[in-house]
Every structure is written in C-alpha cells, then in structure tokens.
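Engineer: In this note's numbering, the protein residues as written are 5 to 247.
The C-beta atom is built at its ideal place from N, Cα and C for all residues, glycine as well.
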C-alpha cells in the first residue's frame, strides 16, 4: 500500500488528476477501477520523468550560481508546479540551504520552498512579501506565487534574509543517527518495523540508521531512485531507495 498505491495516488494529485483517485476508490466496477489504476500508474511514470528533467535543469543552475550564497532560488519557464516541492527537497538534501524552486507560465510563477534547521521559511518569505503575490506554509516548507518581473528582486531579498538568519556553520549539515546497527540486523523484519512507524515528516522524522565496515559492491541509478548491493563477510544485501 505505502510503496505501490500511495505514490500513484500522490502522483495523481501532483499531475492534476486527483478526481481519478476518488472515482477509482468509489466505483463499484472492477473494470473501471482497473482502467483508472492503469492511468494512475502512467501518471506516476510521467511524474517521475518530469521530476528527473526538472531536477537535472535545477542542479545545472545551482552549479553555476551557488558560489558563497546562503540560499538557493531557481526558476524556469514550464516547470510543472506538481514536482517543485520534491525538487526543492532534493536540492536541500544535496546543498543544505534554504531553497525555492519556481515554475513560470506567461509571466506568473508558482513555487515551492524547503528549509533547513535555523531558518523559519514562512518568516523568511514574510520578509520578502513585497516581492511576492502570496505565500504560506510553516517552518520547514512553504508555497508562493511571484511575478516573473519581480523574481530577480525576490532572489536578492531572500538571500539577504538567509544571511540575516543563518551563520556559515548553519550551512554545514548535521547528521543525527538514531541507531548503530550490526549488518546482520538489516533485513525484511527491520524494514517492516520501520514501515509501521509511518507516516514520516516534521515531528516524526524518518529514522536514520547506520552500519559499519560494509562494502558497496554495486549501485544502479534509475528514474525515481537507486538500487544498492551491500556486502559484509560474505553476506550480501540488496536495497532499493525510491522516490
């Protein structure tokens, strides 16, 4: 449910097909439910491909613009609003800076924002309010609308705000490990125990577990995730990390 149906329902909402989910869950016809399920699977593949394209372009922008900046603000024509939150989260994971990603259409932009410890996102956006059409959210995430003509001013103001809130030390990621495991403890029973702790988010973060003296003997990347094969003392474990 969590790893097959859940992502497809989520993708439908991101791809503006949320009503299809309601129809699938309420219909009495198995044929209709199957047809819609197939459509949702296609929407999920479209979402994964779109997310990968936007992320690739966003990372290319970061590579040319990051420098000594305390924040990351990116925007481009045609980026779909439904994947911007995921892309912003990926960029925060990689660069550990407050991040805003905006997609423009006919001069109007919609964006998603993700933050780090020490920077209250909504308060940060509030200090840029005169550059924005509207905004909202909470400490670690937000959404906003901005006109393209005001986007450069917003970028500058957001950077000034980030520098007012953060120190250079705040930009160094802190990894909080919840538990150190023996490699022999990692397997399906542990996976099922972790699954029972969901849903994860602010207030219930996903556990971060650590093991030592392990060889990564294979890694394969694919749209939406990666597959790792780990080995220790003759024991091999395969692990998928998907979106």
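Can you list, in chain order, the residues of its chain whose CB lies under 7 Å from that of residue 30, leaving out five sequence neighbours each side?
Structural biologist: Indexing the chain shown from 1 puts residue 30 at position 26. Nothing meets the Cβ criterion.
Engineer: Of all the options 190, 84, 44, 184, which has the alpha carbon lying nearest to the alpha carbon of residue 54?
Structural biologist: Reading the chain shown from its first residue, position 50 is the one you call residue 54. When each option's Cα is compared against that of residue 54, the closest is 84.
Engineer: Pick out the complete alpha helix (DSSP H) segments inside the segment 149–229, 4 residues or longer, and give them in chain order.
Structural biologist: For the segment 149–229, whole alpha helix (DSSP H) runs of length 4 or above, ordered along the chain, are 155–169, 192–199.
Engineer: Kindly give me the distance between the Cβ atoms of residue 137 and residue 151, rounded to whole angstroms, as I take these residues to be in contact under 8 Å.
Structural biologist: Translated into the one-based positions of the chain shown, residue 137 becomes position 133. Translated into the one-based positions of the chain shown, residue 151 becomes position 147. Contact flag correct, Cβ pair sits at about 6 Å.
Engineer: Cα separation between residue 234 and residue 202?
Structural biologist: The residue labelled residue 234 in the question sits at position 230 within the chain shown. The residue labelled residue 202 in the question sits at position 198 within the chain shown. Whole-angstrom Cα-Cα distance: 25 Å.
Engineer: If you reduce the DSSP assignment to three classes, tell me which class residue 56 lands in.
Structural biologist: Indexing the chain shown from 1 puts residue 56 at position 52. Looking at residue 56 - three-state DSSP - the assignment turns out to be helix.
Engineer: On a Cα-Cα basis, can you pick out the residue from 112, 144, 102, 80 that is closest to residue 70?
Structural biologist: Taking the chain shown and counting its residues from 1, one reaches residue 70 at position 66. Checked all of 112, 144, 102, 80; the closest Cα to residue 70 is 102.
Engineer: Alpha carbon to alpha carbon, what distance is there between residue 218 and residue 131?
Structural biologist: Counting from 1 along the chain shown, the entry for residue 131 is found at position 127. Counting from 1 along the chain shown, the entry for residue 218 is found at position 214. Cα to Cα, the separation comes out at about 46 Å.
Engineer: How many Å lie between residue 41 and residue 87 at the Cα?
Structural biologist: Here the question's residue 41 lines up with position 37 in the chain shown. Here the question's residue 87 lines up with position 83 in the chain shown. Roughly 21 Å separates the two Cα atoms.
Engineer: Residue 109 by DSSP, collapsed to three states: which one?
Structural biologist: Residue numbering aside, residue 109 sits at position 105 when the chain shown is read from its first letter. Three-state DSSP puts residue 109 in a strand.
Engineer: What do you reckon, are the CB atoms on residue 100 and residue 120 nearer than 8 Å?
Structural biologist: Working through the chain shown from its first residue, we reach residue 100 at position 96. Working through the chain shown from its first residue, we reach residue 120 at position 116. Yes, they are a contact pair.
Engineer: On a CA-only basis, which of 122, 140, 115 is nearest residue 173? Give me that one, please.
Structural biologist: As a position in the chain shown, residue 173 is number 169, starting the count at 1. Closest option to residue 173, Cα to Cα, is 122.
Engineer: Spatial neighbours of residue 180 within its chain, please: CB distance less than 8 Å, with the 5 preceding and 5 following residues excluded, ordered by chain position.
Structural biologist: Working through the chain shown from its first residue, we reach residue 180 at position 176. Cβ within range, chain order: 212.
Engineer: By DSSP, does residue 67 sit in helix, in strand, or in coil?
Structural biologist: Within the chain shown, residue 67 is the residue found at index 63, counting from 1. Correct three-state label for residue 67: helix.
Engineer: Can you list, in chain order, the residues of its chain with a C-beta nearer than 7 Å to that of residue 237? Leave out the 5 residues immediately preceding and following it.
Structural biologist: Residue 237 sits at position 233 when you count from the first residue of the chain shown. Excluding residues within five positions, none has a Cβ falling inside 7 Å.
Engineer: Looking only at its own chain, which residues have a Cβ that is under 8 Å from the Cβ of residue 186, when we skip the five neighbours before and after it?
Structural biologist: Mapped onto the chain shown, residue 186 falls at position 182. Cβ neighbours of residue 186 beyond the five flanking positions: 215.
Engineer: Tell me whether residue 178 is buried or exposed, calling it buried when 16 or more other Cβ atoms sit within 10 Å of its Cβ.
Structural biologist: Numbered from 1 along the chain shown, position 174 holds the residue referred to as residue 178. Burial call: exposed.
Engineer: Could you pull out every unbroken beta strand (DSSP E) segment of at least 3 residues lying fully inside the segment 109–139, listed in chain order?
Structural biologist: Qualifying beta strand (DSSP E) stretches, in chain order: 112–118.
Engineer: Just how far apart, CA to CA, sit residue 194 and residue 188?
Structural biologist: One-based indexing of the chain shown puts residue 194 at position 190. One-based indexing of the chain shown puts residue 188 at position 184. For residue 194 and residue 188, the distance between alpha carbons rounds to 11 Å.
Engineer: So what's residue 39 in DSSP terms, helix, strand or just coil?
Structural biologist: Within the chain shown, the letter at position 35 stands for residue 39. It is helical.
Engineer: I'd like the span of the beta strand (DSSP E) that includes residue 79, first residue to last.
Structural biologist: Translated into positions along the chain shown, residue 79 becomes position 75. 76–81 is the extent of the beta strand (DSSP E) around residue 79.
Engineer: Could you please give the first and the last residue of the uninterrupted alpha helix (DSSP H) stretch that includes residue 94?
Structural biologist: Numbered from its first residue, the chain shown carries residue 94 at position 90. Here the alpha helix (DSSP H) through residue 94 covers 85–99.
Engineer: If we ignore side chains and look at the alpha-carbon of each, how far apart do residue 106 and residue 45 end up?
Structural biologist: The residue labelled residue 106 in the question sits at position 102 within the chain shown. The residue labelled residue 45 in the question sits at position 41 within the chain shown. Rounded to the nearest angstrom, the two C-alpha atoms are 26 Å apart.
Engineer: Using the Cβ count rule (16 or more neighbours within 10 Å means buried), how would you classify residue 145?
Structural biologist: Along the chain shown, read from residue 1 onward, the residue named residue 145 stands at position 141. Classification for residue 145: buried.
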